[in-house]
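Okay, so the sequence shown: first residue is 1 according to UniProt numbering, each after it adds one.
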Amino acid sequence: MEHVNLNYQNYAAFDRDEIIKQMKKLLKKERLEHCLRVEATAIELAHENGADETVAGLAGLVHDYAKQRSKDDFETLIKQDHLDPELLKYGRAIWHGYVGYLMVQRELGINDARILRAVKYHTIGAAVMDVYAQIVYMADYIEPERNFAGIDEARQLTHKKLWDGVVYQNAQTMKRLVGNQQAIYPAAIVAYNAISAGQQ
Ligand SMILES: [Fe+2]
Ligand SMILES: [Fe+2]
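Listed below in structure tokens is the structure:
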């Protein structure tokens, strides 16, 4: 990703190199590399969809910024900010996006609502997803190192029509959670009803 030359400083307190430096301290190498691939894929999807590549690229880069923060960090933030107490019953899979966007905002000085929403919703989706939320949701799912049954279909759908990719991923994720009898955070069900169950 050496060719990325986007001016993230218009949207953050730091430039791209400094953001990556900070992420290196918080994330394992593999996780950071995933973030760089999501950044690249988000830029590609922004290009295909006539969206702003800088906004999409930065959102993709920082989407997993909070992925390896401690349980304590999240619980403290949920309580201090009086977020939905129901969140405490879940774990990092939900928190790193749904709560982690606040760390992105406060620690990286990113205040653009499109970027913050894309980070917040990248795991569970939302009833209303703008193009940036859709891009990051899908870039995370189809970045080049992803490999699972259905990845080819997911990539094809996404490149043909971004929203169809969103619908596909959302249905797959819900099927998996239900199949594993895992609890589903209520906001994810609201998102599912809007995205996959035809209420949008
Ligand atoms: Fe994530
Ligand atoms: Fe991710």
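Heads up, the beta-carbon is just placed ideally off N, CA and C, and yes, glycines get one too. No experiment lies behind these values; they were computed from the predicted model shown.
Under 8 Å by Cβ, that's how I've got residue i and residue j pegged, so tell me the actual separation to the nearest angstrom.
| i | j | result |
| --- | --- | --- |
| Val-62 | Val-119 | 6 Å |
| Gly-109 | Ala-66 | The Cβ separation is near 15 Å, so there is no contact. |
| Val-104 | Leu-116 | 7 Å |
| Ala-188 | Gly-125 | 7 Å |
| Thr-41 | Ile-151 | Rounded, the Cβ-Cβ distance is 13 Å, inconsistent with contact. |
| residue 213 | Leu-162 | Past the edges of the chain, shown from 1 to 200, lies residue 213, and the structure says nothing about it. |
| Leu-58 | Tyr-98 | In fact, because the Cβ distance is near 19 Å, the residues do not count as touching under 8 Å. |
| Val-55 | Arg-16 | Contact doesn't hold; Cβ gap of about 13 Å is too wide. |
Along the chain, where does the alpha helix (DSSP H) that runs through residue i open and close?
| i | result |
| --- | --- |
| Pro-186 | 186-195 |
| Lys-91 | At residue 91 the sequence reads Gly, which differs from the Lys that was named. No alpha helix (DSSP H) holds Gly-91; DSSP gives it neither H nor E. |
| Tyr-168 | 162-179 |
| Asp-73 | 71-80 |
| Gly-100 | Gly-100 -> no alpha helix (DSSP H), and no H or E assigned at all. |
| Leu-6 | Leu-6 -> no alpha helix (DSSP H), and no H or E assigned at all. |
| Asp-17 | 16-26 |
| Lys-67 | Run containing Lys-67: none; DSSP gives neither H nor E here. |
| Leu-83 | Leu-83 -> no alpha helix (DSSP H), and no H or E assigned at all. |
| Ala-46 | 29-48 |
Whose CA, out of the options, lies closest to the CA of residue i?
| i | options | result |
| --- | --- | --- |
| Ile-184 | Ala-149, Ile-78 and Ala-93 | Ala-93 |
| Asp-112 | Glu-75, Ala-133 and Ile-20 | Ala-133 |
| Thr-173 | Glu-53, Met-138 and Lys-160 | Met-138 |
| His-96 | Gln-80, His-82, Asp-73 and Pro-85 | Asp-73 |
| Leu-102 | Asp-81, Gly-91 and Pro-85 | Asp-81 |
| Lys-28 | Asp-64, Asp-17 and Ala-56 | Asp-64 |
| Ala-197 | Phe-148, Lys-175, Lys-89 and Gly-179 | Lys-175 |
| residue 204 | Gln-169, Arg-31 and Gly-91 | No information on residue 204 is available, as it lies outside the stretch 1 to 200 that the chain covers here. |
| Asp-140 | Val-38, Glu-153, Gln-22 and Ile-19 | Val-38 |
| Thr-123 | Glu-145, Lys-79 and Leu-177 | Leu-177 |
| Gly-91 | Ile-195, Ser-70 and Arg-106 | Ser-70 |
| Leu-6 | Asp-164, Ile-78 and Gly-60 | Gly-60 |
Point to revise | Every unbroken alpha helix (DSSP H) within the region 104-157, with a cutoff of 4 residues, ordered by chain | key: 113-120 and 131-142
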